[in-house]
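**Student:**
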């Protein structure tokens, strides 16, 4: 009876550990659930405002430290595919090492579908032109920025000169 009980207990412990592992992995995956770019932007906007070097583990994506200087840590996250098949790539996050330093800065590039300025204006009607190409390079950007929200956060939508009809980059940060 003692050996049989030990065997059952070990199997039970193993089952509990496996079950816990599945639940934990499900929670990690559930941190980022975006149907489309608009829900992705909303979720990232909400989380970025409270991120810090000390609380990077609270981010909805798994960011990895890629570099740093005296003032800032530079992070990257792997690309993700949204439910609408849009791919979010080149995800970069910059966080100040000091609590009163620069605001968090998040940028990413959507790929796989052309998102036009008109589509953006359907969601952000009050964006304004904040930068435009100077004719130096086809990689220069035309940028449109939202007014600051209650927390001072702005979203900038950028289009390259070589592909001016499709969204190239999104930046979420706070006005200085």
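In this note's numbering, the protein residues as written are -3 to 172.
We put the CB at the ideal spot given by N, CA and C, even for glycine.
(1) Can you tell me whether residue 95 is buried or exposed, with buried defined as 16 or more other CB within 10 angstroms of its CB?
(2) Let me know if residue 128 comes out buried or exposed under the rule of 16 or more other beta-carbons within 10 Å of its beta-carbon.
(3) Just verifying my parser: in three-state terms, what is the DSSP assignment at residue 37?
(4) When we look at the beta-carbon of residue 30 and count the other beta-carbons within 10 Å, is it buried (16 or more) or exposed?
(5) Rounded to whole angstroms, what's the CA-CA distance from residue 177 to residue 39? Just pull it up for me.
(6) Measure from the alpha carbon of residue 145 to the alpha carbon of each residue in 169, 165 and 126, then state which is nearest.
(7) Could you pull the start and end residues of the beta strand (DSSP E) that residue 62 belongs to?
(8) Which first and last residues belong to the alpha helix (DSSP H) in which residue 31 is found?
(9) Tell me residue 73's beta-bridge partners as DSSP assigns them.
(10) Assign residue 150 to one of three DSSP states: helix, strand, or coil.
**Tutor:** So, from the data block:
(1) exposed
(2) exposed
(3) helix
(4) buried
(5) This structure gives no information on residue 177, because the portion of the chain shown stretches from -3 to 172.
(6) 169
(7) 59 to 64
(8) First-last for residue 31: undefined, no H or E at that position.
(9) 59 and 87
(10) strand
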